[in-house]
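Worksheet for the structure shown next.
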Amino acid sequence: MTEVSRRVFLGGLTAAGAVAGSSGFLLGAGSDSAQATQTRYSIYGEKQVGITTPAQNHLYLLAFDLADITRSEVKDLLKRWTITASALMAGTLNDVPQNYEAPPRDTGEALLAGGSALTITIGFGPSLFSTAEGDDRFGFASLTPLELRQLPQLARDAIRDEESFGDICLQICGDNSIAVFHAGRNLIREAFGSATLRWSHSGFNGAVPASKALTARNLFGFKDGTANPIGDDDLEENIWISGSSEPPFMNGGSYLAMRKIKMHLDTWDRSPLREQEAIFGRSRDAGAPLSGGHEHSAPDFALASKDGTPLIPKDSHLAIAHSSRHGGKKMLRRGYSYENGLDKVGNIEAGLIFIAYVNSLNVNFIPVLEALAKSDALNEYISHVGTAVFAIPRAPRDEYDFIGSGLFES
Amino acid sequence: MLKTSQRFSISIVIALSSVLVLSSCAKRIESGANVIELESSSSACKTSTDTISAGSITFSITNTSNKVTEVYLFASDKKSIVSEAENIGPSISRDLVFELSEGTYYIQCIPGMKGDGFSTTLEVTPGSASKAGAYQDELDQAAAYYKEFVINQATLLLQETKKFATLYSSGKEAAARALYPHARMYWERIEPVAESFGDLDPILDLREADLEEGQSWTGWHLIEKDLWAPTKGYQALTKKERTAASNMLVEKTSELLTRVKSLEYKPFQMSNGAKELLDEVATGKVTGEEEIWSGTDLYDFQANIEGAEKVYELLKSVVAKKDPALSKKLERGFANVYSLLDAQRSGTAFTHYSQLSQKEILEMAAAVDALAEPLSHLTSVVVG
Chain A
12 MTEVSRRVFL GGLTAAGAVA GSSGFLLGAG SDSAQATQTR YSIYGEKQVG
62 ITTPAQNHLY LLAFDLADIT RSEVKDLLKR WTITASALMA GTLNDVPQNY
112 EAPPRDTGEA LLAGGSALTI TIGFGPSLFS TAEGDDRFGF ASLTPLELRQ
162 LPQLARDAIR DEESFGDICL QICGDNSIAV FHAGRNLIRE AFGSATLRWS
212 HSGFNGAVPA SKALTARNLF GFKDGTANPI GDDDLEENIW ISGSSEPPFM
262 NGGSYLAMRK IKMHLDTWDR SPLREQEAIF GRSRDAGAPL SGGHEHSAPD
312 FALASKDGTP LIPKDSHLAI AHSSRHGGKK MLRRGYSYEN GLDKVGNIEA
362 GLIFIAYVNS LNVNFIPVLE ALAKSDALNE YISHVGTAVF AIPRAPRDEY
412 DFIGSGLFES
Chain B
63 MLKTSQRFSI SIVIALSSVL VLSSCAKRIE SGANVIELES SSSACKTSTD
113 TISAGSITFS ITNTSNKVTE VYLFASDKKS IVSEAENIGP SISRDLVFEL
163 SEGTYYIQCI PGMKGDGFST TLEVTPGSAS KAGAYQDELD QAAAYYKEFV
213 INQATLLLQE TKKFATLYSS GKEAAARALY PHARMYWERI EPVAESFGDL
263 DPILDLREAD LEEGQSWTGW HLIEKDLWAP TKGYQALTKK ERTAASNMLV
313 EKTSELLTRV KSLEYKPFQM SNGAKELLDE VATGKVTGEE EIWSGTDLYD
363 FQANIEGAEK VYELLKSVVA KKDPALSKKL ERGFANVYSL LDAQRSGTAF
413 THYSQLSQKE ILEMAAAVDA LAEPLSHLTS VVVG
């Protein structure tokens, strides 16, 4: 079980605190499934899990719209979600006496799944604070996080409303697909009557165990996330909000930007490798910048061929998005691939659920998004079809606290 | 639309400097024993073998020097370059595939891209390859004809654009609507060339959906929307705005013609362009996104296919000799797509996109994929 203990260790390093073992499982997890990952994280602490937590293999991203409920009903929902999420992550949802005449508290499909390194991360969309018409629906308007507004409309955006926006999001990640689904399902149950599901995106990312600290690949075959911030200083500087003029519940929080990006696999798969590498600015297999070196070598944008053309083309994804072109500002990418049946002309509807965490949307994220929309060579092969932003509040402190309690302290 | 312009210009810049084909499918297991490992280090140009039999040979190049390197393959006279690979960064590996016939060759590696670098010899023993450069004359001829074709289409485009602009700006809307899809077919046949002018393309062919916040909209699709105006919430262009839009269209199309007159093409640019035309069909026309107001997508579709077919016709004599199976697939593919288009055509008029059934759209998309797949191998066959 060296794999498991290493994961716990990594988790403990980066997350608010990992809880090892299968405490609370009715059946010994070892006898249920030798394969199950036993890593468990706790929802309580200072910062929410699921952000700097090593990326698990599966994603279930849910966005809800709140029903026409009262402020105190919102509070109740957040409390229920916190308790259920905590139980799901700890694996204790089924640990309650079961009335034989009542529907089971736990829907049961994940009883063999072990801890699955489950994380549940909760975020608040702009419309929770005030509607598009400026209506302060729950009395939270004065607490709106400073940069929380929808992303600007960009060239070539093909945004579908039904896959975008939302009042509250739940990002559920784990190493086991049924455990992730199970968590989503039980959290949706918890919301009946208070909130309706607006959209859901399922993602996968399985090629690389999180513990190996390797970069996952997107469906075009290229590595995605090579330039993520690494190390506490980098994370503090780019991802976590601290000591700012943001409302207090954002201290230790972050912002989540989501883009659902459809990737045109059919045309991409017909393009020569030469073109594919020129578009990304990296070699495909090794992930090295075309200026040479290895995956994590710094790109040399000045290095040119004899005729003066840069080896990393100016309109390549790397040249446009690299942090050195954006004042050293970085984002933490935590994307997952998706597959969603067929599109209207019979091709695979597939792509990337792009998720980035930043402490400033205006500084770390939007300028990069705009620069890419303007001139990224990749644009020909992708369409942005979904968009959303959420403010990620600090984690609940302990069992007496709940997510977003800061909204009710004014 | 803007979409392919960057890609076409990249492929021009990069591929002009190298005649070798970089093949993604050239994994060892497929190319059998004909693989040469070539290491360009800071002190040598080293190959895994100095003898190999003629045929399709994969050079698996690794740059172990700390500079950008380039590799040249010279014929026995040590002067004529048979093939070259440039711009390989330090630690980067690249597989290159091409055909070599019997003879003595010299390989030169130049880390730093200056001076003579290092060299080594390669003996190619008798095998199945045709003589290197055997098709060069035919390819050059094809490129010259393609240039004529592009100029011809651009000339007709300008002529029809002027007629269209006059009709539109003088308020003859019905006649302008009738001419619109036909005039645009000249553009669509040479779309990848037209789009290679990154400044002209967005002015002439940008779709409303491609606009960013605050960007002003000009060109064909602005006029399209005005001629097929949505019933709700649309403010028609004023007479003055119409005149301005018409003048811009003519002026920029005229500039396009001037520019294509001085363009030269390489065979790989033609074949890449043909593939891009199919990409255009797959992502814009089959989906009905190109002509959202007029519904004239099938005209563009037809013209894109004709543009790709023209390229194939010009390269056909070479393709038929080098890869007869590919030739057959392409001919079947074109015939299949045309038969579906013919079914939607009466005289020169095509069915409105909105009148197509979902089944017909899916059939067309599948036929486009079936043609685009073999077409994506045209470049490696022509150049390899």
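Sequence order for the protein chains is A and B. For the first sequence, the positions run 12 to 421 when this note's numbering is used. For the second sequence, the positions run 63 to 446 when this note's numbering is used. By construction, the Cβ of each residue, glycine as well, lies at the ideal position given by its N, Cα and C atoms.
Proximity of A:R167 to chain B, defined by a Cβ-Cβ separation below 7 Å, is satisfied.
Here A:I241 is exposed. Its C-beta has fewer than 16 other C-beta atoms within 10 Å. In the same chain as A:I54, and ignoring 5 residues on each side of it, the C-beta atoms closer than 6 Å to its own belong to A96, S97 and M100, in chain order. Within a 10 Å sphere around the beta-carbon of A:H275 sit 16 or more other beta-carbons, which makes this residue buried. B:S105 counts as exposed, since fewer than 16 other C-beta atoms from the protein chains shown sit within 10 angstroms of its C-beta.
Using a C-beta cut-off of 8 Å, the region 120-131 of chain A makes no contact with the region 153-169 of chain A, since fewer than three inter-stretch Cβ pairs fall below that distance. A:Q49 counts as buried, since at least 16 other C-beta atoms from the protein chains shown sit within 10 angstroms of its C-beta. A distance of 7 Å or more separates the beta carbons of A:A74 and A:R281.
Chain-ordered, the chain B residues with CB closer than 8 Å to the CB of A:Q164 read E274 and E275. Here the region 386-393 of chain A makes no contact with the region 248-267 of chain A; the two share fewer than three CB pairs at distances below 8 Å.
Looking at the backbone, the Cα of B:K176 and that of B:R156 are separated by about 20 Å. The region 176-194 of chain A makes contact with the region 51-68 of chain A, as at least three CB pairs between them are under 8 Å. About 4 Å separates the beta carbon of B:S115 from that of B:G189, a gap short enough to meet the 8 Å contact definition.
The criterion of a C-beta distance shorter than 7 Å is satisfied by A:F260 and A:G417.
Chain A has a Cβ within less than 7 Å of the Cβ of B:S153. Residue range G165 to C171 is occupied by the beta strand (DSSP E) that includes B:Q170. The C-alpha of B:P152 is placed about 45 Å away from the C-alpha of A:L157.
When A:R345, A:W92, A:K341 and A:S253 are compared, the shortest CA-CA separation from A:S205 is found for A:W92. Nearest neighbour of A:W251 by Cα position, chosen from A:R408, A:P378, A:Y368 and A:G397, turns out to be A:Y368.
For the region 121-151 of chain B, the set of positions with a beta-carbon nearer than 9 Å to some beta-carbon of chain A reads N125, N128, K129, V130, E132, E148, N149, I150 and G151 in chain order.
Looking from the CA of B:V380, the closest CA among B:N214, B:I98, B:F136 and B:A196 belongs to B:A196.
With contacts defined as CB atoms closer than 7 Å, A:R344 and A:G236 qualify as a contacting pair. Within the region 421-437 of chain B, the residues whose Cβ lies closer than 7 Å to any Cβ of chain A are, in chain order, I423, L424, A427, A428, D431, A434 and E435. Around the beta carbon of B:E342, a 10 Å sphere encloses 16 or more other beta carbons of the protein chains shown; the residue is thus reported as buried. When Cβ pairs closer than 8 Å are counted between the two stretches, the region 202-219 of chain B is seen to touch the region 328-341 of chain B, the count reaching three or more. Secondary structure note for B:S379: it is in no beta strand (DSSP E), and the uninterrupted alpha helix (DSSP H) holding it is D359 to K384. Contact with chain A is absent for B:A240, since none of that chain's Cβ atoms lies less than 7 Å from the residue's Cβ. Secondary structure at A:M342: coil, using DSSP grouped into helix, strand and coil.
Just so you know, the alpha carbons of A:F365 and A:E257 end up roughly 25 Å apart. A:H275 reaches chain B at T345, counting residues in chain order whose Cβ is nearer than 7 Å.
Contact of B:K384 with chain A by beta-carbon distance below 7 Å is absent, the smallest such distance being about 17 Å.
A:A406 counts as buried, since no fewer than 16 other beta carbons sit within 10 angstroms of its beta carbon. Contact between the region 357-368 of chain B and the region 292-309 of chain A is absent: fewer than three C-beta pairs spanning the two stretches fall below 8 Å. The region 340-357 of chain B and the region 429-438 of chain B touch, with no fewer than 3 CB-CB distances between them shorter than 8 Å. Here A:F376 carries a helix assignment [DSSP, helix/strand/coil]. Per DSSP, reduced to three states, the secondary structure at B:T113 is strand.
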